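A.B. asks: At position 112 of the sequence shown (counting the first as 1) the number is 100 in this note's numbering, and the numbers step up by one without a gap. This structure is in structure tokens; I'll ask about it shortly.
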Amino acid sequence: MHLARHTLSLFGSKTSGDSRALVDAQVSQVLTFVGDLPVSGDRQGFCDLTFGYRAGPSVTTGSLLHEMAHCAQLREKDLSRVSLQGYGFSVKHVEVMGQHYPQPETTQALEREAEVFAMEILLAKRVFPDFDVEHYLEDFCLPLIRYFSDYYNIPLSPHCETLAAKEQARKDWMRNQVHTHLSKYTADIVKARLLSNYQKISERLTSVANA
Ligand SMILES: [Zn+2]
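In structure tokens, the structure reads:
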């Protein structure tokens, strides 16, 4: 998922001069913490071993942290799926609004995304001391979950009758998932996983390219 929307000045910019400069400065701060990984404000997503931080017409620091968190979240078994085109998720990452296709009844993609949100939050907290976790989660992460195909598989209590109550219950479910992961990891663990996974991915893809 690419974080196209932004509500925090810390995390967003239009492509105008000053705010682009602000985002680039924030990106430098991120790299000071995680190390010198290839990044690009002209790219979207993770492609050609480069972390993009463009999201449509904007560049955002949140997009960069999100792509890095996806890399950190990968398990050993997931690494072979990663290609020069991206992370290679088998479940379509984001469904087009209004288009619902038959999907297995799991919440697997959202569970993974909750772990990714937690990891980007831990990185953001470490790099930007003023970072507001709850605000970011509420305004930036939770509104995105409805675009996932397994949104409707989130278990609800039978007492949830109105649409508004169901939407709230699904957000609460996701918030709990994120908080569980927040207490499981630290920024240093996320950084170590990011660097280790990136190293393995780049070694494999470089040797494939040279074969
Ligand atoms: Zn995502």
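Beta carbons are placed, not taken as given, at the ideal position from N, Cα and C, and that holds for glycine. These numbers come from a predicted model, not from an experiment.
Measuring CB atoms only, is the region 155 to 163 touching the region 126 to 136, in the sense that at least three cross pairs come out at less than 8 angstroms?
C.D. replies: Enough Cβ pairs lie closer than 8 angstroms, so yes.
A.B. asks: Just verifying my parser: in three-state terms, what is the DSSP assignment at Arg42?
C.D. replies: The count along the sequence shown starts at 1 and reaches residue 42 at position 54. Looking at Arg42 - three-state DSSP - the assignment turns out to be strand.
A.B. asks: Suppose only complete runs of 3+ residues qualify. What are the beta strand (DSSP E) ranges in the region 97 to 147, listed by chain order?
C.D. replies: The qualifying runs do not exist here; there are none.
A.B. asks: Please confirm whether His54 has its beta-carbon closer than 9 angstroms to some beta-carbon of chain D.
C.D. replies: Here chain D cannot be found, since the structure has a single protein chain.
A.B. asks: Find out if the Cβ-Cβ distance for the pair Leu255, Leu37 is shorter than 9 angstroms.
C.D. replies: Nothing can be reported for residue 255, as the shown portion of the chain is limited to -11 through 199.
A.B. asks: What is the rounded straight-line gap between the Cα of Pro117 and the Cα of Arg8?
C.D. replies: Along the sequence shown, one-based indexing puts residue 117 at 129. Along the sequence shown, one-based indexing puts residue 8 at 20. Approximately 21 angstroms, taken between the alpha carbons.
A.B. asks: Heavy atom of ligand 1 less than 8 angstroms from the Cβ of Glu99, yes or no?
C.D. replies: Residue mapping note: residue 99 aligns to position 111 of the sequence shown, counting from 1. It does not: the Cβ of Glu99 is nowhere closer than 8 angstroms to a heavy atom of ligand 1.
A.B. asks: What does the alpha-carbon distance come out to for the pair Gln96 and Val70?
C.D. replies: Counting from one through the sequence shown, the residue named residue 96 turns up at place 108. Counting from one through the sequence shown, the residue named residue 70 turns up at place 82. The straight-line gap from Cα to Cα measures roughly 18 angstroms.
A.B. asks: Between the region 186 to 195 and the region 169 to 176, do three or more beta carbon pairs fall short of 8 angstroms?
C.D. replies: At 8 angstroms Cβ cutoff, the stretches do not touch.
A.B. asks: Assuming the contact rule is C-beta atoms closer than 8 angstroms, Leu151 and Ala106 should be a hit. Round their C-beta distance to whole Å, please.
C.D. replies: Here the question's residue 151 lines up with position 163 in the sequence shown. Here the question's residue 106 lines up with position 118 in the sequence shown. Not really, about 28 angstroms apart at Cβ, beyond 8 angstroms.
A.B. asks: Given this structure, state the Cα-to-Cα distance separating Phe34 from Met56, to the nearest angstrom.
C.D. replies: As a first step, residue 34 must be located in the sequence shown, where it is residue number 46. As a first step, residue 56 must be located in the sequence shown, where it is residue number 68. Roughly 8 angstroms separates the two Cα atoms.
A.B. asks: Residue range of the alpha helix (DSSP H) that Gln165 falls in?
C.D. replies: Start at 1 with the first residue of the sequence shown, and residue 165 comes out as number 177. Start and end: Leu151 to Lys172.
A.B. asks: To the nearest whole angstrom, what separates the beta carbons of Tyr41 and Leu52, a pair I think is in contact under 8 angstroms?
C.D. replies: Translated into the one-based positions of the sequence shown, residue 41 becomes position 53. Translated into the one-based positions of the sequence shown, residue 52 becomes position 64. 4 angstroms between Cβ atoms; contact.
A.B. asks: In its own chain, which residues sit with a C-beta less than 7 angstroms from the C-beta of Ser190, not counting the 5 before and 5 after it?
C.D. replies: Within the sequence shown, numbered from 1, the residue matching residue 190 stands at position 202. Hits under 7 angstroms: Leu37.
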